[in-house]
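Residue numbers (the numbering used here): 25 to 317.
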């Protein structure tokens, strides 16, 4: 059923890095919700695997001294959704990963696996892009931190150096403080389906709730990797809250996205739902932030 050459189990980050160096062609496996399925399909026949699932230090959500939220790469989707820090500061991430697969997948699937796959349809990806997440990577040369928009290189390819594993996702305080967001997943079914398009918006309003101080918007499946729509962000930043702004903001996303035709949806349809979901997510984000349109 599972054609593998060898399975190595790491009990610590140092052990995982050492195994990566010793077996450079081996595949990292955490929850296994993607890798094991691929192996059953025969796509990784004869693979060597390095399991990091037993490294408990890579689980959980914490807040660092400077306010940065640290999400261990082995934290499951279910734990992210239920975590008090996520609910308090960036609840939209919990809502986004709560739309991954079914309960079994959310209990075993991890945020690190979701991002390291490098796929544009990952439900966590657009929200992490919209909140300026930073990826922490640990390897033989130590720890490096990289903005998530640089981590995704191309479809299915991320910037993992030889010997490295991903150890955390970081959300800086400046990214989440007084900021509220909303995620919309459009899929062919309401459950157990890959996103046809994912849209994540967040806004920070002025003290009187009448002006958009800052907004962020990111898409999944609007290009080969998740992407931000900078033109739309610039359209809304510093502007008075209004229905007209929501419309202008949503129309502006067309300048930055490049969805493709596929059997799930045509390019034109993806463009249409990108505009509509951007408007709806913006309006809901403003409402969550205390504003009125």
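Note that the Cβ used here is the ideal one computed from N, Cα and C, for glycine as well.
Helix, strand or coil, according to DSSP, for residue i in the structure here?
{"i": "residue 238", "result": "strand"}
{"i": "residue 212", "result": "coil"}
{"i": "residue 186", "result": "coil"}
{"i": "residue 150", "result": "helix"}
{"i": "residue 161", "result": "strand"}
{"i": "residue 51", "result": "strand"}
{"i": "residue 313", "result": "coil"}
{"i": "residue 145", "result": "coil"}
{"i": "residue 193", "result": "strand"}
{"i": "residue 198", "result": "helix"}
{"i": "residue 205", "result": "strand"}
{"i": "residue 30", "result": "strand"}
{"i": "residue 134", "result": "strand"}
{"i": "residue 223", "result": "strand"}
Suppose the cutoff is 7 Å on Cβ atoms and the five residues either side in sequence are ignored; what does the same chain contact list for residue i look like?
{"i": "residue 172", "result": "152, 153, 157, 158 and 159"}
{"i": "residue 257", "result": "239, 240 and 241"}
{"i": "residue 260", "result": "236, 239, 269 and 273"}
Would you grab the beta carbon distance between residue i and residue j for me? Rounded to a whole angstrom, and I think it's under 8 Å.
{"i": "residue 45", "j": "residue 196", "result": "Actually they are not in contact, since the Cβ atoms of residue 45 and residue 196 sit about 30 Å apart, beyond 8 Å."}
{"i": "residue 193", "j": "residue 139", "result": "7 Å"}
{"i": "residue 50", "j": "residue 72", "result": "4 Å"}
{"i": "residue 221", "j": "residue 244", "result": "7 Å"}
{"i": "residue 134", "j": "residue 55", "result": "5 Å"}
{"i": "residue 52", "j": "residue 189", "result": "6 Å"}
{"i": "residue 82", "j": "residue 113", "result": "In fact, because the Cβ distance is near 20 Å, the residues do not count as touching under 8 Å."}
Go through its chain and collect everything with a Cβ distance to residue i's Cβ below 6 Å, but skip five positions before and after it.
{"i": "residue 301", "result": "208 and 223"}
{"i": "residue 308", "result": "206"}
{"i": "residue 185", "result": "163"}
{"i": "residue 228", "result": "202, 203, 237 and 238"}
{"i": "residue 306", "result": "225, 270 and 273"}
{"i": "residue 230", "result": "237"}
{"i": "residue 30", "result": "72"}
{"i": "residue 32", "result": "43 and 74"}
Near residue i, what residues of its chain come up, given a Cβ to Cβ distance below 8 Å and the 5 sequence neighbours on each side ignored?
{"i": "residue 48", "result": "186 and 187"}
{"i": "residue 87", "result": "93, 94 and 109"}
Fill in: Segment contact, 8 Å Cβ cut-off, at least three pairs: the region 197-216 with the region 179-188
no
Worksheet item: So does the region 270-283 actually touch the region 201-208, counting three or more Cβ pairs closer than 8 Å?
Response: no
Discussion item. Whether or not the region 101-110 and the region 122-139 are in contact is what I'm after, with contact meaning three or more pairs of Cβ atoms, one per stretch, closer than 8 Å; do they touch?
Written reply: yes
Worksheet item: Does the count of Cβ pairs from the region 280-297 and the region 262-269 closer than 8 Å reach three?
Response: no
Worksheet entry | 3-residue-minimum beta strand (DSSP E) runs that sit fully inside the region 227-303, ordered along the chain | 236-244
Discussion item. Could you tell me which whole alpha helix (DSSP H) segments of length 4 or greater appear in the region 68-123?
Written reply: 101-106, 108-113 and 115-121
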